[in-house]
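Q:
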Amino acid sequence: MSDRPGSPNPRPDRPGRPLPVLTLRHASGAEVEIYLQGAHVASWRPPGGEEVLFMSRHTHLEPGVPIRGGIPVVFPQFSDRGPLPKHGFARTLPWEVVEEGVDATGAAAARLRLTDSEETRRLWPHPFLAEVHVSLDDGLTTTLSVTNTGDRAFAFTSALHTYYRVGDVRRTSVHGLDGSWYLGVAPGGEPTEMRGPLPVEGETDGVYAGAADRLLILDPALNRALVIEKTGFADAVVWNPWIEKARALPDFGDDEYREMLCVEPANIALPTHLVPGQEWSGTQRVRISDL
Ligand code: TA6
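First residue of the sequence shown: 1165, per our numbering; consecutive thereafter.
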């Protein structure tokens, strides 16, 4: 899709039915917006700062349709690695807000919940409770947790498919993948051991199994580094569609690949197994630092 002229990454302004949004405001002036559809963090603006997350100017904002940007929650299936709709169903279903306010540390926080329904059981026959906890202070912390509420074990893959806004992706690099195993995006590829930082010089799409728990995106064009700390997620995914794939995506501008990069904490290489009553959780904390 071709781009309209305009300021870099303005708020999504596509026509379409509006989706309910929850806004969290921290005492510092930082703000986060969360669509209830997908418990989807759509925007994060630190105090006095510019938007950190990328949201396509062409995103759909319609019930049941994936949102192109922010932090889509991938559950219970990453990508096409299984029989479910791509990236699972959590990102397109409405979640319920179960808690919102200021926590004991002074962070503005909210907890959203999704449980199995007839619709999810038709696709994936397992009772579950999924929660997303978002907490805003001088960084942004997002936790996905899943509990097996049924009486049979199940397995799933998951990711926080985070889209970052970058100044010029051709000058960015991702650090923290050294020693991880690049698996490509489809299962069955030959693993390759990663060495050194990953420059983004063309289409980039793959799972890095065993990525470090501290990842960095260096973004010299915006003179900043994004510091990503993850726990409970063993892998990372890095994605930029580059020129041809960008053109093929109907909800993404032809040139928007230059201003975004996805770095996603994930559990893909080894799916998470939960026995009845067991809970898993994975967290990412993101902060901005000068270069
Ligand atoms: O996480 C990377 C990826 O799986 C890519 O292969 C790319 O397809 C991307 O996600 C976006 O997927 P989507 O279904 O949102 O178009």
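For glycine and all other residues, C-beta sits at the position ideal for the given N, C-alpha and C.
The structure displayed is predicted, hence computed values, not measured ones.
To the nearest angstrom, how far is the alpha carbon of Asp1177 from that of His1190?
A: Sequence index remark: in the sequence shown, residue 1177 carries index 13 (1-based). Sequence index remark: in the sequence shown, residue 1190 carries index 26 (1-based). Because Asp1177 sits at a pLDDT of 42, beneath the cut-off of 50, its placement in the model cannot be relied upon, and the point is left open.
Q: Looking only at its own chain, which residues have a Cβ that is under 7 Å from the Cβ of Thr1313, when we skip the five neighbours before and after it?
A: Stepping through the sequence shown from its first residue, residue 1313 is reached at position 149. So the qualifying residues of the chain are Pro1291, Phe1292, Leu1293.
Q: Would you identify the three-state DSSP class for Trp1345, choosing helix, strand or coil?
A: By 1-based counting over the sequence shown, the position of residue 1345 is 181. Three-state DSSP puts Trp1345 in a strand.
Q: Going by the CB atoms, is the gap between Thr1321 and Pro1240 shorter than 8 Å?
A: Locating residue 1240 in the sequence shown gives position 76, counting from the first residue. Locating residue 1321 in the sequence shown gives position 157, counting from the first residue. Taking 8 Å as the Cβ cut-off, Pro1240 and Thr1321 qualify as a contacting pair.
Q: Can you tell me which residues form a DSSP beta bridge with Lys1394?
A: If you number the sequence shown from 1, residue 1394 lands on position 230. Answer by DSSP bridge pairing, in chain order: Gln1448.
Q: Once DSSP output is grouped into helix, strand and coil, what is the label at Thr1313?
A: Walking along the sequence shown from the start, residue 1313 turns up at place 149. Three-state DSSP puts Thr1313 in coil, outside helix and strand.
Q: Drop a sphere of 10 angstroms on the beta-carbon of Ile1407, count the other beta-carbons inside from all chains shown, and report buried for 16 or more, exposed for fewer.
A: Numbered from its first residue, the sequence shown carries residue 1407 at position 243. It counts as exposed.
Q: Could you tell me which whole beta strand (DSSP E) segments of length 3 or greater appear in the region 1348-1386?
A: DSSP runs (the beta strand (DSSP E)) wholly in the region 1348-1386: 1368-1373, 1378-1383.
Q: Return helix, strand or coil for Leu1183, following the three-state DSSP convention.
A: Reading the sequence shown from its first residue, position 19 is the one you call residue 1183. It is coil, neither helix nor strand.
Q: With a threshold of 7 Å (Cβ to nearest heavy atom), would Ser1243 be considered close to the ligand TA6?
A: For the purposes of this step, residue 1243 is identified with residue 79 of the sequence shown, where counting begins at 1. Within the cutoff, so yes.
Q: Taking only the alpha-carbon atoms, compute the straight-line gap between Leu1304 and Ile1392 and give it to the nearest angstrom.
A: If you number the sequence shown from 1, residue 1304 lands on position 140. If you number the sequence shown from 1, residue 1392 lands on position 228. Each residue's Cα considered, the two are about 10 Å apart.
Q: Can you list, in chain order, the residues of its chain with a C-beta nearer than 7 Å to that of Tyr1421? Leave out the 5 residues immediately preceding and following it.
A: Your numbering for residue 1421 matches position 257 in the sequence shown. Hits under 7 Å: Val1333, Asn1404, Pro1405, Trp1406, Ile1407, Ala1410.
Q: Rounded to whole angstroms, what's the CA-CA distance from Leu1380 to Val1261? Just pull it up for me.
A: What you label residue 1380 is simply residue 216 of the sequence shown in a count that begins at 1. What you label residue 1261 is simply residue 97 of the sequence shown in a count that begins at 1. For Leu1380 and Val1261, the distance between alpha carbons rounds to 31 Å.
Q: Mapping DSSP to helix, strand and coil, what is Ala1268?
A: As a working mapping, residue 1268 is identified with position 104 in the sequence shown. Of the three classes helix, strand and coil, the one that applies to Ala1268 here is coil, per DSSP.
Q: Can you list, in chain order, the residues of its chain with a C-beta nearer than 7 Å to that of Thr1368? Leave out the 5 residues immediately preceding and following it.
A: Against the sequence shown, residue 1368 aligns to sequence position 204. Contacts found: Val1402, Trp1403, Asn1404.
Q: State the beta-bridge partners of Gly1212 as determined by DSSP.
A: As a first step, residue 1212 is located in the sequence shown; it is residue number 48 there, counting from the start. The partner list for Gly1212 (beta bridge, DSSP) is empty, contrary to what the question assumes.
Q: CB Val1371 to CB Ser1337, shorter than 8 Å?
A: Taking the sequence shown and counting its residues from 1, one reaches residue 1371 at position 207. Taking the sequence shown and counting its residues from 1, one reaches residue 1337 at position 173. For Val1371 and Ser1337, no; Cβs fall outside 8 Å.
Q: Whose CA, out of Arg1316, Ala1203, Arg1221, Leu1225, lies closest to the CA of Leu1183?
A: For the purposes of this step, residue 1183 is taken as the residue at position 19 of the sequence shown. Minimum Cα distance to Leu1183 is reached at Leu1225.
Q: Can at least three beta-carbon pairs, one atom from the region 1187-1203 and one from the region 1263-1281, be found at a separation below 8 Å?
A: Taking 8 Å as the limit for Cβ pairs, the verdict is that the region 1263-1281 does touch the region 1187-1203.
Q: List the residues that DSSP assigns as beta-bridge partners of Tyr1328.
A: Against the sequence shown, residue 1328 aligns to sequence position 164. Answer is Leu1217, Leu1425, bridged to Tyr1328.
Q: Around the C-beta of Lys1394, are 16 or more other C-beta atoms found within 10 angstroms, so that it is buried, or is it exposed?
A: Taking the sequence shown and counting its residues from 1, one reaches residue 1394 at position 230. By the 10 Å Cβ count, Lys1394 comes out buried.
Q: What are the residues that DSSP puts in a beta bridge with Ala1389?
A: Here residue 1389 corresponds to residue number 225 of the sequence shown, with the count starting at 1. Answer is Leu1382, Ser1453, bridged to Ala1389.
Q: Under a three-way DSSP split, which group does Ile1231 fall into?
A: Here residue 1231 refers to the residue found at position 67 of the sequence shown. DSSP places Ile1231 in coil when its eight states are reduced to three.
Q: Answer yes or no: do Val1185 and Glu1195 have a C-beta to C-beta separation smaller than 8 Å?
A: Residue mapping note: residue 1185 aligns to position 21 of the sequence shown, counting from 1. Residue mapping note: residue 1195 aligns to position 31 of the sequence shown, counting from 1. The answer is no: Cβ separation not under 8 Å.
Q: Just to confirm, are Thr1279 and Ile1235 a CB contact at a threshold of 8 Å?
A: Position 115 of the sequence shown, counting from 1, holds the residue named residue 1279. Position 71 of the sequence shown, counting from 1, holds the residue named residue 1235. No, Cβ-Cβ distance for Thr1279 and Ile1235 is not below 8 Å.
Q: DSSP has Leu1188 in a bridge; who is on the other side?
A: Taking the sequence shown and counting its residues from 1, the one referred to as residue 1188 is at position 24. Looking at the DSSP assignment, Leu1188 forms a beta bridge with Val1196.
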